[in-house]
Structures are given as C-alpha cells and as structure tokens.
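Visitor: Below: one structure in structure tokens.
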Amino acid sequence: MVLGALLRLCLTEKGSACGARLAVTLMSSNTPVSLYLDPQIRDWVLFPITLVMILVGVLRHYVVVLLQSTPKRASRVALREQQALARSQILRATSAKSPLPPLYYKTISQNLSEAFKAGTYLKDGPPKGDSPLSATNPFSDPAAMDGMMAGMKTQMVMMVPQMVIMGWINFFFQGFVLIKLPFPLTLGFKSMLQRGIETPDMDVQWVSSLSWYFLNFFGLNGLYRLLLGGDNSADATRDMTMSPFAAMGTGQAGQPQDYAKLFKAERDNLEFAEGLYAWGGEDIEIKILGKYGKLAPSRE
882 MVLGALLRLC LTEKGSACGA RLAVTLMSSN TPVSLYLDPQ IRDWVLFPIT LVMILVGVLR
942 HYVVVLLQST PKRASRVALR EQQALARSQI LRATSAKSPL PPLYYKTISQ NLSEAFKAGT
1002 YLKDGPPKGD SPLSATNPFS DPAAMDGMMA GMKTQMVMMV PQMVIMGWIN FFFQGFVLIK
1062 LPFPLTLGFK SMLQRGIETP DMDVQWVSSL SWYFLNFFGL NGLYRLLLGG DNSADATRDM
1122 TMSPFAAMGT GQAGQPQDYA KLFKAERDNL EFAEGLYAWG GEDIEIKILG KYGKLAPSRE
C-alpha cells in the first residue's frame, strides 16, 4: 500500500524527488525483494543441464563396458600356485574339527609344508641354489599392466565429459540463477549453492548454474543405480577418487602377488594348526549309538 501511494505521488511530483523518496522507502521497509525467473530459464537452461548430465552418465557406463577387455586365462602353473595355497587354507580352517583321520591330516600337512619350503608350487619353479627370492615387479606382469591401462581408460572416460560439460556451462550459462529451493537454509550453504554469483544479499535458497551442475554431479548416483543397477560405471565420484594404479596395490584378482612370502607364512600357519587339530570322527560309533539309544547300559 505504501509503494502504491508513492507511485501515485510520482505522477504529480518531479522524477528525481519521487525516485529518492521511493528508494528511501524501499531501504527502510523490511519486506524482502523477490526474484522472478523467466520460464525460459527453466526450459532452456535447467532442464537441458539435468538431461545432458543424465545422458552423459548413461553413455559413460556403456563406453566403460565396451572398453573392458576379456580377462586372460591363467596358465596351468599359475593355477597350481593358487590352488596349493587355497588347499592349505582349507586344511587349516577345518583343523579344529577335521574330517581327516590323524594319519592323513599329518601326511597332507607335512607334504604341503615341505613343498612350500622347497618352492615346488611356485610359478617360476624352485629358487636356484641359495639365491634369495626376488620381489615381484608389478610392471613386468601383463595382467597388472592391463589393469593399470583399464583404470586409466576409465578415468579418461570420466574426466573428459565432465570437463566439456563444465566448460559448456561456464561459457553459455555463467551467472544464471536457475532454481529456488523450497526449504530454508543457513548462510553456510551460500558458497556451495551460489558459485559464480557474487551477490552477498541474495537469499541462500537460490541456486546458480554452476552449483546446479555440482548438485547433479554428486546427486544422480541414486538415479544411475535405478536405471543401470548397483554395479554401474556411471558413478563419476567413485572413479574420481580411484587411481589408475589402485589395482596394483589392492588384493584384486589378477594382481601379482609374492607367493614365495605367502607360502612361507602358510608354513607357519600349518604348524600352528597342527596343535589345534582334532579329528571330527573321534569315537563316532559311540556318539551314533548313543544318539539312537543303542548303547548297552554301563555296569557299575
């Protein structure tokens, strides 16, 4: 009502005096100034950015799937090396209630310990003479190099589209205000939601174009899981934190491992498991007869 009276008064007074009075009234009033966005911003900026990021994520997933190479088959000696270690681990895991009689258990355990000591199951064969076992060079293993190249390809597929999208937004939509959030926020969110807009007096609920890009970048993972499944390659945040050399430092399949050290540790574990050995078939006939009530009553 006050603004309406001032506008009517402006029709009869000079423009400069009217403008000064109107400015003083606006500064003295506590009514917040609202922004009205053009609907074309929603149709030609907000929706296109969201749609492009969704389509780029889906495209990234299928490109990564196409770039994945077929895993190479392991050689016979490499499989024998892995199976010997697995057999020893199973023997240790069942030592407390082993299905093997004592004679068979001790024979298998001793044979495995002697084979581990002599290096019989090593892929490269037993060590020659008294020469120490050289550490495995991950760069000399083809499987490790393939894993490293696959990680680099995945990171490139992630980085290049994001750089293009960010450049596109900065070039065409820099400084755009796209949307107002329907809930209040504190001033701590202002730097996150209004990147690229240096206006300290703007309400925190307004979101700039660059901030909308980052919100979609970190917030579309749930939609990707719904469209592509849980094990998808569209999650750019996961690839961003993963190094292409990560496959060489983790226990993933295909990573070169020093089986000489593993066998040495397994020998100590087998010796420790022999002290915990107990045959699960000890007095089995008495247990079965007692279960079905076929035992003769004991005479005292």
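Offset between the sequence shown (1-based) and this note's numbering: plus 881.
A virtual CB, placed ideally from N, CA and C, is assigned to each residue, including glycine.
(1) Could you pull out every residue in the same chain whose Cβ sits closer than 7 angstroms to the Cβ of Y986, ignoring the five residues on either side in sequence?
(2) Note down, in chain order, each residue of its chain lying with its Cβ closer than 7 angstroms to the Cβ of A830, except the 5 sequence neighbours on either side.
(3) Put A967 into one of helix, strand or coil per three-state DSSP.
(4) Roughly how many angstroms lie between the CA atoms of M1044 and L1107, to the nearest whole one?
(5) Kindly list the residues whose CB is nearer than 7 angstroms to the CB of G1130, restricted to its own chain and excluding five residues on each side of it in sequence; keep chain order.
(6) Which of helix, strand or coil does DSSP assign to K998?
(7) Between the alpha carbons of L1176 and I1167, how many angstroms are there, rounded?
(8) Once the 5 residues before and after T931 are set aside, which same chain residues still bring their CB inside 7 angstroms of it?
(9) According to DSSP, is I1078 part of a helix, a strand, or is it coil?
(10) Is it the case that the Cβ atoms of L1101 and I989 are separated by a distance below 8 angstroms?
(11) Taking only three categories from DSSP, how would you classify L1066?
(12) If you measure between the beta carbons of S1092 and R941, is that distance less than 8 angstroms?
(13) Do G1056 and I1078 count as a contact pair if the criterion is CB distance below 8 angstroms?
(14) Beta carbon of W1087, beta carbon of V1058: below 8 angstroms?
(15) Could you work out which residue in A1031, E1163, R957 is closest to T951 when comparing CA atoms only?
(16) Quick test of your reading: L966 and L1143, contact by CB under 8 angstroms. State the CB separation rounded to the nearest angstrom.
(17) Is it right to say F1053 is buried, meaning 16 or more other beta carbons lie within 10 angstroms of its own, or is it exposed?
Guide: In this structure, then:
(1) S979, Y1158
(2) Lying outside 882 to 1181, the shown extent of the chain, residue 830 is not represented and no answer is given.
(3) helix
(4) Straight through space, the alpha carbons of L1107 and M1044 are spaced by roughly 25 angstroms.
(5) Low confidence applies to G1130: its pLDDT is 42, below 50, so where it sits in the model is not reliable, and the reading given next is rough at best. Around G1130: no qualifying Cβ.
(6) helix
(7) 8 angstroms
(8) The residues N1097, in chain order, have a CB closer than 7 angstroms to that of T931 in the same chain once the five nearest residues on each side in sequence are set aside.
(9) In the structure shown, I1078 sits in coil (DSSP, three-state: anything other than H, G, I, E or B).
(10) no
(11) coil
(12) no
(13) yes
(14) yes
(15) A1031
(16) 6 angstroms
(17) With fewer than 16 Cβ atoms within 10 Å of its Cβ, F1053 is classed as exposed.
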